[in-house]
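Everything below concerns the one structure shown next.
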Amino acid sequence: MSQSRLSTALDDGLLVLPEGKIAIMRPSATYDVAGLARDQVQIVQGFYPDYTAWENAGYPVSQDVPKVSVAIVVVPRAKALARAMVAQACEMADLVVVDGQKTDGVDSIFKECRKRLGALPSITKGHGRIFWFAATDAFADWVAPPPEKGEHGYFTTAGVFSDGTIDVGSALLAAALPAKLPARMADLGAGWGYLAGPVLERAGVQSLDMIEAEALSVACAKMNVTDPRATLHWADATQFHPDAAYDGIVMNPPFHTGRASDPSLGRAFIQSAARMLAPHGKLWMVANRHLPYETTLSECFRNVDMIGGNGAFKIFHANRPLR
0 MSQSRLSTAL DDGLLVLPEG KIAIMRPSAT YDVAGLARDQ VQIVQGFYPD
50 YTAWENAGYP VSQDVPKVSV AIVVVPRAKA LARAMVAQAC EMADLVVVDG
100 QKTDGVDSIF KECRKRLGAL PSITKGHGRI FWFAATDAFA DWVAPPPEKG
150 EHGYFTTAGV FSDGTIDVGS ALLAAALPAK LPARMADLGA GWGYLAGPVL
200 ERAGVQSLDM IEAEALSVAC AKMNVTDPRA TLHWADATQF HPDAAYDGIV
250 MNPPFHTGRA SDPSLGRAFI QSAARMLAPH GKLWMVANRH LPYETTLSEC
300 FRNVDMIGGN GAFKIFHANR PLR
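The sequence shown: position 191 = 190 (numbering that gives the first Met the number 0), numbered continuously.
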């Protein structure tokens with residue numbers, strides 16, 4: 000297997016790490032740490048599936064960056080979050096390493112860093128780039144503010160899905176919900192909590208479990224949803240096991256891994272919804288129109304109907320999950 004950028008930089012002697020702890024910020028579960036001493040590594044991750052994968056592999060994992068000698072920023076898709084991570088790394092470490100894919104915007108971050116700091120050592124490999132520099136206060140203006148209430152009336156922050164606007168698909172789904180919903184409800188992939196409001200406004204709802212894998216979104220949802228009937232769960236919706244089966248589920252499932260469209264994520268959400276629902280249970284779901292979910296829905300539910308949508312989205316209602 001080809002060496003990673005980090006291993007190449009270390010093995011070629013281009014990157015020499017100082018003694019001490021190494022924080023790796025938001026690495027995927029498959030990020031290559033082979034070149035690092037295991038007892039020096041601290042994983043920093045807020046995405047639940049990756050958090051548990053590193054934990055199960057025996058690494059210490061936290062959501063917060065501790066004081067360390069080295070901070071490795073694994074560039075996420077969201078540019079504002081990437082900038083905030085660089086600023087945080089500068090505050091908490093002596094040496095900052097930035098590693099990422101071109102499709103996730105690493106070259107843009109590199110150009111901005113180079114503009115402020117001058118020439119920087121860098122390696123391009125595997126459709127990505129790694130570069131490094133001594134910690135500096137030059138990126139103090141990149142520090143992410145705490146969650147802020149936007150013009151839409153909700154608290155969001157850098158790195159959450161649809162942080163500046165209400166997602167069009169979610170709004171369409173909310174409008175398509177019936178006036179009365181089942182008593183025990185769940186929202187799979189609840190994000191920062193937009194759908195909770197319309198669900199809890201419907202007659203008949205006694206409880207709502209909001210299941211969300213991204214800790215940044217959970218933090219915002221806690222501020223947006225204060226109804227005592229709602230319970231937030233930081234968890235992977237595809238692996239979650241409720242205490243009791245749900246009567247109804249709403250969801251706007253994710254369909255990206257990095258920048259690549261990955262319909263298998265939505266299929267996994269559908270399968271999980273069917274597993275979590277009682278025999279009489281009902282599902283309301285919105286999806287991008289180009290995504291091929293009809294087969295999976297028909298495999299998982301006895302009755303499936305398209306009940307709305309527009310040129311970009313389609314809304315499904317399904318009931319009676321198949322076991």
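The C-beta atom is built at its ideal place from N, Cα and C for all residues, glycine as well.
Short check: CB of Gly45 to CB of Ala189, under 8 Å?
On the sequence shown, position 46 is the one that residue 45 refers to. On the sequence shown, position 190 is the one that residue 189 refers to. No.
Given Tyr245, which residues of its chain have a CB within under 7 Å of its CB, disregarding the five upstream and five downstream residues?
Here residue 245 corresponds to residue number 246 of the sequence shown, with the count starting at 1. Closer than 7 Å at Cβ, skipping near neighbours: Arg183, Met184, Ala185, Met275, Leu276, Ala277, Gly280.
Rank Val142, Gln238, Leu119, Gly125 by C-alpha distance to the C-alpha of Ala133 and give the top, closest one.
Here residue 133 corresponds to residue number 134 of the sequence shown, with the count starting at 1. The shortest Cα separation from Ala133 among Val142, Gln238, Leu119, Gly125 belongs to Leu119.
Nearest to Val217 (by Cα), restricted to the options Glu111, Ala33, Arg288, Thr155
What you label residue 217 is simply residue 218 of the sequence shown in a count that begins at 1. It is Thr155 whose Cα lies nearest to the Cα of Val217.
Just to confirm my understanding: we take Gly12, look at its own chain, exclude 5 residues before and 5 after, and list those with CB closer than 6 Å. What are they?
Locating residue 12 in the sequence shown gives position 13, counting from the first residue. Around Gly12: no qualifying Cβ.
Please report how far the alpha carbon of Ser271 lies from the alpha carbon of Lys66, in whole angstroms.
In the sequence shown, counting from the first residue as 1, residue 271 sits at position 272. In the sequence shown, counting from the first residue as 1, residue 66 sits at position 67. One C-alpha to the other measures close to 39 Å.
Mind checking whether Val105 and Val74 have CB atoms under 8 Å apart?
Residue 105 sits at position 106 when you count from the first residue of the sequence shown. Residue 74 sits at position 75 when you count from the first residue of the sequence shown. Yes, the Cβ-Cβ distance between Val105 and Val74 is below 8 Å.
Since Phe254 contacts Leu290 with CB under 8 Å, what's their CB separation in whole angstroms?
Here residue 254 is taken as the residue at index 255 of the sequence shown, counted from 1. Here residue 290 is taken as the residue at index 291 of the sequence shown, counted from 1. That belief holds up - the Cβ atoms of Phe254 and Leu290 are roughly 6 Å apart, short of 8 Å.
Inter-residue Cα distance where the pair is Glu54 and Lys313:
Along the sequence shown, read from residue 1 onward, the residue named residue 54 stands at position 55. Along the sequence shown, read from residue 1 onward, the residue named residue 313 stands at position 314. Each residue's Cα considered, the two are about 37 Å apart.
Return helix, strand or coil for Ala56, following the three-state DSSP convention.
Counting from 1 along the sequence shown, the entry for residue 56 is found at position 57. Three-state result, Ala56: coil.
Taking just the CA atoms, how far does Phe130 sit from Ser121?
The residue you call residue 121 lines up with position 122 of the sequence shown. The residue you call residue 130 lines up with position 131 of the sequence shown. Cα to Cα, Ser121 sits roughly 4 Å from Phe130.
Alpha carbon of Arg258 to alpha carbon of Asp103, nearest angstrom
Counting from one through the sequence shown, the residue named residue 258 turns up at place 259. Counting from one through the sequence shown, the residue named residue 103 turns up at place 104. For Arg258, the pLDDT reaches just 49, beneath the cut-off of 50, and the residue's location in the model is therefore unreliable, although a value from the coordinates is still provided. C-alpha separation (whole angstroms): 7 Å.
Do you know offhand how far Ser206's Cα is from Lys221's?
As a working mapping, residue 206 is identified with position 207 in the sequence shown. As a working mapping, residue 221 is identified with position 222 in the sequence shown. C-alpha separation (whole angstroms): 16 Å.
Is the region 137–144 close to the region 84–96, with three or more CB pairs under 8 Å?
yes
Pairwise C-alpha distance: Pro197 and Asp226
For the purposes of this step, residue 226 is identified with residue 227 of the sequence shown, where counting begins at 1. For the purposes of this step, residue 197 is identified with residue 198 of the sequence shown, where counting begins at 1. Computed Cα separation, rounded: 12 Å.
I'd like to know if Phe160 contacts chain B, where contact means its C-beta is closer than 8 Å to some C-beta of that chain.
The chain inventory of the structure shown lacks chain B, comprising one protein chain alone.
Does Gly152 pass the burial test, meaning 16 or more other C-beta atoms within 10 Å, or should it be called exposed?
Working through the sequence shown from its first residue, we reach residue 152 at position 153. Exposed is the call here.
Where the alpha helix (DSSP H) through Ser107 begins and ends:
As a first step, residue 107 is located in the sequence shown; it is residue number 108 there, counting from the start. 105–116 is the extent of the alpha helix (DSSP H) around Ser107.
Between Ser107 and the rest of its own chain, which residues show a CB-CB distance below 8 Å, the 5 nearest in sequence each way excluded?
On the sequence shown, position 108 is the one that residue 107 refers to. For Ser107, where only same-chain residues beyond five positions count, the Cβ hits under 8 Å are Lys78.
Following the continuous alpha helix (DSSP H) through Leu264, name the residue where it begins and the one where it ends.
In the sequence shown, the residue the question calls residue 264 occupies position 265. First-last of the alpha helix (DSSP H) with Leu264: 262–275.
In three-state DSSP terms, what is Thr237?
The sequence position of residue 237 within the sequence shown is 238, counting from 1. DSSP places Thr237 in coil when its eight states are reduced to three.
Put Leu171 into one of helix, strand or coil per three-state DSSP.
On the sequence shown, position 172 is the one that residue 171 refers to. Three-state result, Leu171: helix.
CB-CB length for Ala173 against Ile210, believed under 8 Å
Residue mapping note: residue 173 aligns to position 174 of the sequence shown, counting from 1. Residue mapping note: residue 210 aligns to position 211 of the sequence shown, counting from 1. Incorrect: roughly 18 Å between the Cβ atoms, too far for contact.
How long is the line joining the alpha carbons of Arg266 and Pro241, rounded to whole angstroms?
Taking the first residue of the sequence shown as position 1, residue 266 is located at position 267. Taking the first residue of the sequence shown as position 1, residue 241 is located at position 242. If you take the alpha carbons of Arg266 and Pro241, they lie about 19 Å apart.
Neighbourhood of Lys124 by C-beta, 7 Å cutoff - its chain only, sequence neighbours within 5 removed
As a first step, residue 124 is located in the sequence shown; it is residue number 125 there, counting from the start. So the list reads Arg4, Thr7, once near-sequence residues are dropped.
Label Asp136 either buried or exposed according to how many other C-beta atoms from any shown protein chain fall within 10 Å of its C-beta, with 16 as the threshold for buried.
On the sequence shown, residue 136 is found 137 positions in, with the first residue counted as 1. Per the 10 Å Cβ criterion, exposed.
Give a yes or no on whether the C-beta atoms belonging to Gln41 and Lys20 are separated by under 8 Å.
What you label residue 41 is simply residue 42 of the sequence shown in a count that begins at 1. What you label residue 20 is simply residue 21 of the sequence shown in a count that begins at 1. Yes. Within cutoff.
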